[in-house]
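Below you'll find the structure, written out as structure tokens, and then a few comments.
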Amino acid sequence: MISLSVAWDDIGGLVDAHERFLAGARVEADVRGPVLESWKRCRSVGLQPHQLLLPYEAGLSLDERFLRAAEPVLADLLDSLAEMGTVLAVCDGRGRVIQRLGGEKGLRERLDAVHFAPGFDASEGVAGTNGVGTALAQRGPVYVVGREHFADCLQPFACAGSPVRNPLSGRVEAVLDLTCLRDDGDPAMLRLVRAAAQEIESRLLEQATERERALLAAYWRTGLASDGAPRPPDHAAAGHDGDGLGPIDLAVLREKAEELIASPNRTLDEVLLSGGRVATLLRRQVLGAAGEAGAAVEARILGGPRLTGLGLPVTPPAGADAAGPAKAAPRPGGTPTRPAGARAATPRASRPVETVGDILDGAESRLLLLGEPGVGRLAVLARRRLEFLHEAGTRIGTTLDVTRTAEELAEVMVPRFADFVAVDVPDAVLRGEEPEELGGLDALRRAAIRAVRRQPHNLYDVGDTVEYVPSTPQARCLETKQSVMEPVLAEAGGWFAQDPKRLERVLAAGVHSLITVPLRARGTTLGVVSLYRSVRPASFEDDDLSLAQELVGRAAICIDNARRYTREHNTALALQRSLLPKGRPEQSAVEVACRYLPAQAGVGGDWFDVIPLSGARVALVVGDVVGHGLHAAATMGRLRTAVQNFCSLDLSPDDLLTHLDDLVGRLDRGEGWAVDSTQADSGIVGATCLYAVYDPVSRRCTLTCAGHPLPAVVAPDGTVEFVDLPSGQLLGLGGMPFETVELELAEGSQLVLYTDGLVEDRHRDIDSGLDRLRTVLATAGRAPEDTCEAVLDALLPVRPGDDVALLVARTHVLGPDRIAEWELPSDPAVVSRARSAVTAQLAAWGLDDLAFTTELVASELVTNAIRHATGPVQLRLLRDRALICEVSDGSSTSPRLRRARSEDEGGRGLFLVARLTERWGTRYTPYGKVIWTEQPLP
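Numbering-wise, the working numbering puts 581 at position 535 of the sequence shown, and it's gapless, one number per residue.
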């Protein structure tokens, strides 16, 4: 029973759905899926429901073998329909009505009026949705009732159709159809017609078996006539303990025998077997008593030891003239085998088995395989198709790139299956996005093309935009989500309408047959594949269509996987790039060049940063989070943000890594995550970091490391040294302090920071990578940008397995002419002298506009240091990109900004400093603290 979305008497609902469908509305909820797909096919070929033009051809008939198999089945079916008022129609494989049997006179007259009669074409392309044409289009049973017919004139009827296939070739030989008035329709009609089709297919298979038996009997009779008498077996030889034919040798012999049977122009073949033996195969024509034509393959095996185990008979069993059943030759161990479409002969159980090994010393050969050439051809084609599918499975989808996967599909198809292949997909698929519902009018991009001959200039090239007109097979394929085959392109007017002038040249070039298959995966249409034949003369057949659908279906899964990977990769890359620095911060301590290159397998957690600090200093950071993908990129963003926040506190390098280590440990333990989180990757499996602070005033660089590769220092003369820095433990392990190293760098030195992906991969250990890096860096006077390019050109692999971050910083020095500092005693009287010194220095620098503000700031900071701190007080002015005023003392107590109440006598000094300057803050030193302010230069 077939489940329907509407009741049988709900004709009004179907009429409304049909009208809405013709108007372009969506009717999926109101119409059964197979019927709706048929409607779409009818619309795509331009059928009009109110007007049908059915071709007529007289003198049509079916194959005699089919009629012999079908006659008793059809007779029984007519008997069962005697009381049902139903007509039985028998159509050929193209949907043309050959016979119309049974039915009442009134029903036959009504069918005559709509031209459902012998000679008329009932295929879906001309008659619309109906039992015959839709069964052919879907290659399966179908039931159509009332308004489900696309054509208006057919809606008074109900019909059930089922194709009848050749059991050996799979080709549709005919279509059976039961038609009655709509009110008499019953889904049970589908069960009846499907059972009849299956019974006819079984009888066709029996016919093939009977022909094989007749051929075997004819072969035996021929053998008796030539030898005159049966040859008795040599049982002593049969019991020889020599080596027998193994399963591989037997399989090779049978495959070669099938190919020889299927090749009418070949007589002999030689097969190399194990042990240096050679089998000579001879093909002989066999003609049965009733005219059955076939071929027999005999084997003669030479060389090597005497053989046992082939199991081939010398003579037929008693009563050979009565064609008995032919059985398969047993495998070693007694398991029978039967190659598709042909039979290997063996004696009956009552006779002893004689083998080829029994007669190696003679000139005789023994029967290996017998069958019809057409059946043998089908067996060979079936095996080759399986081999083709296996090869395609290994060659398609080797990468996660959409375009490359499309190219692999085209490469596999040409020239083994088609002479020209084109793969068209929407731009969204190439970008990795989720494609919208594709229709026949959507623009596509040609992603891949492959041809036996040089790329025809008459067809669209790779990268071109392709817009198919609605009548083309490609547009119908996209609209209906089903494959379309045009065996004869010259007769395909819909295809020709795409571009008549261009396609005339295509036809003139020899293109003659076409299959279009939708690229569908996981319920989504990703594009369309067009397969053409031009060099090979044979047109595409039903078996070719099935094979193309299987191959394209597998490729569609690979393309969808590549699309999904592209989407995830692009998302992760966009996230990471959004988290990396978008520009270079304003600072004059170093000249910086940086690069980030994602890995081929996906973005990772490598990152870098350049962070201006107080006192004209700069922090250089490079880090690496283990792993790839969104989680690694998100974790990198967390750590980079944390480092920036810690830098704002002016922490020393070792203190900063200690805080970062604690943060990573808390993240790795899941603190801040929901208790019931089941995210497998919510923790941080490992992270490294290198943190350096360079002071252009003292030329001192302080570095500390957490499990990161050592930085390199390139002196102005080109000498390269890797900093002897304790590597430290990975972030998140905790429990161990981080050590620092302090260097004094000459002006113009280059500090090179990088991640391990630059110097280490699966083909190169880190020591050889560091040696190569040292060699590349050993050049004097090179700009940081040039250094980056040279390093990446020399060390970056073609397909990097890990992402790479590279940071090159050339040091500058803040000269004495831009620095002014004064040592001040802890005496309130010194404040006035400090104001005067500041005013004089600003006048010398030409910054008189900042004199009043700076004098006030310096006075307030020096007063606070003298009043609240201990130890010596130092005042320093730095003229950098901003005017920096610093006051240092020996106390570790930091001042705190607060809002003073109206009755308070103090507490307004820092508030004034914060309001008059752009930035201010506190940093701690081993000897106390520094209060600093910054003002923009005029």
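Don't be surprised by glycine CBs; every beta carbon is placed ideally from N, CA and C.
(request) With DSSP collapsed to three states, give me the class of A197. (result) coil
(request) Consult DSSP for R492 and reduce its assignment to one of helix, strand or coil. (result) strand
(message) Can you give me the C-alpha to C-alpha distance between V534 and A464, rounded to a whole angstrom?
(response) When rounded, the distance between both Cα atoms is 15 Å.
(message) Rounded to the nearest angstrom, what separates L306 and R579 at their Cα positions?
(response) 26 Å
(message) If I measure Cβ to Cβ from R72 and keep anything under 7 Å in the same chain, skipping five residues before and after, which residues do I get?
(response) none
(message) Do D807 and G753 count as a contact pair if the criterion is CB distance below 8 Å?
(response) no
(request) Tell me whether D926 is buried or exposed, calling it buried when 16 or more other Cβ atoms sit within 10 Å of its Cβ. (result) buried
(message) If the criterion is Cβ atoms closer than 8 Å, does the pair T748 and T704 meet it?
(response) No, the pair does not count as a contact, with Cβ atoms beyond the cut-off.
(message) Between V467 and V475, how many whole angstroms is the CB-CB distance? I'm expecting something under 8 Å.
(response) No, V467 and V475 are not in contact; Cβ-Cβ is about 17 Å, not under 8 Å.
(request) Assign R810 to one of two classes, buried (16 or more other C-beta atoms within 10 Å of its C-beta) or exposed (fewer than that). (result) exposed
(message) Using only the alpha-carbon positions, how far apart do T383 and G141 sit?
(response) For T383, the predicted structure reports a pLDDT of 35, less than 50, and the residue's modelled location is therefore unreliable. The matter cannot be settled from this model.
(request) Could you check which residue in T857, A883, P80, H858 has the C-alpha nearest to that of E869? (result) For the set T857, A883, P80, H858, the Cα lying nearest the Cα of E869 is the one of A883.
(request) Label E155 either buried or exposed according to how many other C-beta atoms from any shown protein chain fall within 10 Å of its C-beta, with 16 as the threshold for buried. (result) By the 16-neighbour rule on beta-carbons within 10 angstroms, E155 is exposed.
(message) Using CA atoms only, rank isn't needed, just tell me which of E525, D700, A662, Q201 is closest to L487.
(response) E525
(request) Specify the secondary structure class of R111 as computed by DSSP and reduced to three states. (result) helix
(request) Give the C-beta separation of H195 and T175 to the nearest angstrom, bearing in mind that I take them to be a contact with Cβ-Cβ under 8 Å. (result) 5 Å
(message) Against chain C, with Cβ distances strictly below 8 Å, would V759 count as a contact?
(response) The question asks about chain C, but that chain is absent: this structure has only one protein chain.
(request) Could you tell me which residues DSSP puts in a beta bridge with H674? (result) G650
(message) Is the separation between the beta-carbon of L842 and that of V850 shorter than 8 Å?
(response) yes
(request) From the DSSP output, in three-state form, read off E980 for me. (result) strand
(request) Output the distance between the C-alpha atoms of V575 and E256, rounded to the nearest integer angstrom. (result) Whole-angstrom Cα-Cα distance: 42 Å.
(request) Sort Y189, D125, T750 by Cα distance to G774 and report the nearest one. (result) T750
(message) Going by DSSP in three states, S90 sits in which element: helix, strand or coil?
(response) helix
(message) Please tell me whether T779 and V759 are closer than 8 Å, where the distance is taken between their beta carbons.
(response) Checking the sequence shown, residue 779 turns out to be Leu, not Thr. No, the Cβ-Cβ distance between L779 and V759 is not below 8 Å.
(message) I need the straight-line Cα distance from D122 to V190, nearest angstrom please.
(response) Distance from the CA atom of D122 to the CA atom of V190, rounded to whole angstroms, is 23 Å.
(request) Determine the closest residue to S107 out of M130, C137, S90, with distance taken between C-alpha atoms. (result) C137
(request) Give the straight-line distance between the Cα atoms of A880 and T963, rounded to the nearest whole angstrom. (result) Rounded to the nearest angstrom, the two C-alpha atoms are 18 Å apart.
(message) Let's test the definition: count the other Cβ atoms within 10 Å of the Cβ of L147 and tell me whether it reaches 16, buried, or not, exposed.
(response) exposed
(message) Taking the alpha carbon of C693 as the reference point, which residue from Y970, P755, D76 has its own alpha carbon closest?
(response) Y970
(message) On the DSSP letters alone, give me the boundaries of the beta strand (DSSP E) that D315 sits inside.
(response) 314-318
(message) At the level of alpha carbons, what is the spacing between T401 and G322?
(response) Note on T401: pLDDT 32, under 50, position unreliable in the model; the coordinate value appears next. Near 19 Å, if we compare the C-alpha coordinates of G322 and T401.
(message) Under 8 Å, with one C-beta from each stretch per pair, do the segment 588-608 and the segment 536-549 reach the 3-pair mark?
(response) no
(request) Rank E245, C199, G179 by C-alpha distance to the C-alpha of R211 and give the top, closest one. (result) E245
(message) Would D652 and G803 be called neighbours here (beta carbons separated by less than 8 Å)?
(response) In this structure, G803 lies closer than 8 Å to D652 by Cβ.
(message) Less than 8 Å between the C-beta atoms of V91 and G540, yes or no?
(response) yes
(message) Please give the ranges of any alpha helix (DSSP H) in the segment 534-564, keeping only runs that are unbroken, at least 4 residues long and fully inside the region.
(response) 539-542, 546-554
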